[in-house]
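Working notes, beginning with the structure itself.
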Amino acid sequence: MFMCSSATRLISDACDRRLAVRELVTLRFHVTICPHCRRYRQQLAVIQRLVQLCTGDHLSPEAVSASVRRVLKRQGLDPDAFPRS
Ligand SMILES: [Zn+2]
């Protein structure tokens, strides 16, 4: 049986490599029925987006801050709950 531990490993793997078709199909099915892994995938996507924003040198610090706040709000998170740099 495909477990959450396998799903989260594949979700993380998908950040670093292209999943095989079998892995992708299995993962998609699991994420469809499992709200926990669906949430984990969403959170990982947010983290990836925030890291991209914060490591890009093409934006000013103010633009990065505004973008981070926008991403957090879009996820239903309170940007003021996070420390500012
Ligand atoms: Zn799961």
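For the sequence shown, this note's numbering begins at 52 and goes up steadily by one. Cβ coordinates follow ideal geometry from the N, Cα and C atoms, glycine included. Here the structure is a predicted model, which means the values were calculated and not measured.
Legend entry - Distance, phenylalanine 53 Cα to arginine 68 Cα: 20 Å
Inset, instruction - State yes or no: is the C-beta of alanine 71 nearer than 7 Å to some heavy atom of ligand 1? - result: no
Inset, instruction - Using the Cα positions of glutamate 74 and arginine 100, report the straight-line distance between them to the nearest angstrom. - result: 23 Å
Legend entry - Counted within 10 angstroms of its Cβ, other Cβ atoms place isoleucine 62 as buried (16 or more) or exposed: buried
Legend entry - Enclosing alpha helix (DSSP H) for proline 130 [first to last residue]: From DSSP, proline 130 is part of no alpha helix (DSSP H); its letter is neither H nor E.
Legend entry - For cysteine 88, three-class secondary structure by DSSP: helix
Inset, instruction - Compare the Cα-Cα distances from leucine 102 to each of Ser56, Cys66, Arg60 and Thr59 and report the closest residue. - result: Note on residue identity: the sequence assigns valine, not leucine, to residue 102. Of the listed residues, the one whose Cα sits closest to valine 102 is Cys66.
Inset, instruction - Given a cut-off of 8 Å, decide if leucine 104 and valine 119 are closer than it, judged by their beta-carbon atoms. - result: yes
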